[in-house]
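Reading through the structure tokens given below for one structure.
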Amino acid sequence: MANFIKINENDNVAVALEVIPENTTLDVSGTAVTTTMEIPAGHKFALTDMAEATPVIKYGFRIGNTTAAVKKGEWIHTHNLKTGLGDLLDYTYEPKLADEKFTEDVTFMGYNRKNGRVGVRNEIWIMPTVGCVNNVASKIAELTQDLVCENIEAVCAFPHPYGCSQMGDDQEHTRQILANLINHPNAGGVLVLGLGCENSNIDVLKGYMGEIDTDRVKFLVAQESDDEIADGVGIVRELAKYVSQFKREPVSVSKLVIGMKCGGSDGFSGITANPTVGRFSDILISKKGTTILTEVPEMFGAETILMNRCANEELFRKTVDLINDFKNYFKSHNQTIYENPSPGNKKGGISTLEDKSLGCTQKSGSAVVKGVLAYGETVSTPGLNLLSAPGNDLVAATALAASGAHIVLFTTGRGTPFACPVPTMKISSNSRLAGKKNNWIDFNAGVVAEGEDLDVAGQRLFDEVVAVASGKEVKSEQAGFHDMAIFKQGVTL
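Residue numbers (my numbering): -2 to 490.
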């Protein structure tokens, strides 16, 4: 196994795949490079002498500029590299569209719903309209765990702090996200639990839900009940009779919607885990399935790659707005647009936001962008979609679920145990993490750094996603974790 990788032939840095000691001479594309200091795993070293203000090229693109002269073989990181990004930019549509190739269909074992949608889980969800009834919702879920069986795969509550004391977009976002989750096909039945006096009360929320299947969705207003916990338990038991009627049956993978997210990234993420997800995305899209890429702030610096893959100029303009609206959001709060990467990212070898973004967008594969979604908007166009949401792991993963994702693929170099409303599959960028946190990690893409071909890894991941869609539990499900978080931007009354 090589101890370094030069990702693109035009790069002027390489990445250490393991710790490389000082004074180690390496053959990089026929050129001898001797390290001038120890290079940590996941970190970059120079392949040529560079003057101050020289563009540093990784993935074939600039990831920043040197802040001092750098010698060949020297470690390049935050001490001698800074972002080259500006604020709002002008963009030109220069389409570079891959040919669409369709491959043979594959089926998974899913749940066909009465409205024509498909679920990969058959669960009962308890959805509070407001944070005031969170504990009641959790208690109802606790008292009905005996209903969980082979066919009813979970009874879970989704506490959140919102639903009242909100204004403008915040209030609209809360209502839309709750409505979308209530309508999610992974839930065979839903109890919507309200307090009664909140802004986003049940009567208001119904207006966001569209047509309501009264067998599948039940409502309870706590202030109108003598004993809301007893009444809630009774409703959940009634729902269980309906939910238990659904059985798994073969469904085309063209019906699958898969969200793609990363967090706790390291220097291996853009080399192993993210491109493996990109290969998976291309495979699913070749079978007429759908993937959704989000976390807009981690597209900054790589956005033109996505823009030029938009199917038409209208989608290009939507992507420009996607990027610039998020930059204006930062600026409106007097925050630095490029306050990224995180301390953990830097420790793992990521130096600038361009470095992080170029690795992050590897998850999109090579497919044409077919849709651009606002926060809270549900996906309607098969293929690759871009979704407006922040980088925060819980908020972005919840946004993916609310947009219709059946499963979220979450790549990580540092590891995390969190979940979201749908199965949240953790994909490690390095084998060390996969071995250390086996209780968190579902798939190890670190073997790519050890020699496995990316196409092989992508097919393995595709097969694993089909297994999860057919009922295989991911590690966070085994732990009983179900989280959600809503994007808050404004004031609290």
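Ideal Cβ positions, reconstructed from N, Cα and C, are used throughout, including at glycine.
At which residue ranges does the stretch 155 to 198 contain complete beta strand (DSSP E) runs of 3 or more residues, listed in the order of the chain?
-> 184 to 191
DSSP on Asp228, reduced to helix/strand/coil?
-> helix
Pull up the CB-CB distance for Thr395 and Ile174, whole angstroms please, since I reckon it's below 8 Å.
-> 7 Å
Inter-stretch contact at 8 Å, needing at least 3 Cβ pairs: the stretch 140 to 156 / the stretch 97 to 105 = no
How far does the beta strand (DSSP E) with Asp24 in it reach, from first residue to last?
-> Thr22 to Val25
Check whether the Cβ atoms of His40 and Gly264 lie closer than 8 Å to each other.
-> yes
May I ask which residues mark the beginning and end of the beta strand (DSSP E) holding Ser249?
-> Glu246 to Ser249
Where Leu308 sits in the DSSP three-state scheme | Going by the sequence as given, residue 308 is Ala instead of Leu. Ala308: coil per DSSP, three-state reduction.
Could you tell me the distance, in whole angstroms, from the CA atom of Gly165 to the CA atom of Thr489?
-> 11 Å
For Val103, name the three-state secondary structure that DSSP assigns.
-> coil
Please work out which residues of its chain come closer than 6 Å, Cβ to Cβ, to Gly229, disregarding the five sequence neighbours upstream and downstream, and give them in chain order.
-> Ile137 and Leu217
Under 7 Å Cβ to Cβ from Ala48, same chain only, skipping five residues before and after it: list those, please.
-> Ala66
Taking only the alpha-carbon atoms, compute the straight-line gap between Leu319 and Asn0 and give it to the nearest angstrom.
-> 39 Å
Val254 and Ala466: beta carbons closer than 8 Å?
-> no
Does DSSP classify Ser222 as helix, strand or coil?
-> coil
Measure the C-alpha to C-alpha separation of Lys252 and Asp223 and round it to an integer number of angstroms.
-> 43 Å
Opening and closing residue of the beta strand (DSSP E) in which Lys41 lies | Lys41 to Ala43
Leaving out five residues before and five after Ile36 in sequence, what residues of the same chain have Cβ atoms less than 6 Å from its Cβ?
-> Ala13, Ile17, Phe42 and Trp72
Identify which residue in Lys111, Asp167, Asn132 and His157 has its Cα closest to the Cα of Gly487.
-> Asp167
Are the beta-carbon atoms of Ala548 and Gly193 separated by less than 8 Å?
-> There is simply no residue 548 to check, as the chain begins at -2 and stops at 490 in what is shown.
In whole angstroms, what separates the C-alpha of Gly207 from that of Tyr239?
-> 21 Å
Looking at the structure shown, is Gly368 part of a helix, part of a strand, or coil, going by DSSP?
-> strand
Work out the CA separation of Asn109 and Phe243 for me, nearest whole Å.
-> 8 Å
Would you call the stretch 440 to 451 and the stretch 258 to 273 touching, i.e. three or more CB-CB distances under 8 Å?
-> yes
Cα-Cα separation between Ser456 and Gly275, rounded to whole angstroms = Note on residue identity: the sequence assigns Gln, not Ser, to residue 456. Approximately 11 Å, taken between the alpha carbons.
Rounded separation between Val317 and Ile404 - CA only = 27 Å
Beta-carbon separation of Glu120 and Gly185 under 8 Å?
-> yes
Can you give the Cα-Cα distance for Val214 and Ala416, rounded to whole angstroms?
-> 24 Å
Three-state secondary structure (DSSP) at Ala10?
-> A quick correction: the sequence has Val, not Ala, at residue 10. The answer is strand: DSSP assigns Val10 an E or B state.
Given a threshold of 16 other Cβ atoms within 10 Å of its Cβ, counted over all protein chains shown, does Thr31 qualify as buried or as exposed?
-> exposed
The alpha helix (DSSP H) with Val392 in it runs from where to where?
-> Asp390 to Ala399
Enumerate in chain order the residues of its own chain whose CB-to-CB distance from Asn8 is below 6 Å, with the five nearest sequence positions on each side excluded.
-> At residue 8 the sequence reads Asp, which differs from the Asn that was named. So the qualifying residues of the chain are Ile54 and Lys55.
What are the boundary residues of the beta strand (DSSP E) that includes Cys259?
-> Val254 to Cys259
Met206 (DSSP reduced to helix, strand or coil) = helix
Helix, strand or coil for Thr273 per DSSP?
-> helix
Thr28 classed as buried or exposed, judged by whether at least 16 other C-beta atoms fall within 10 angstroms | exposed
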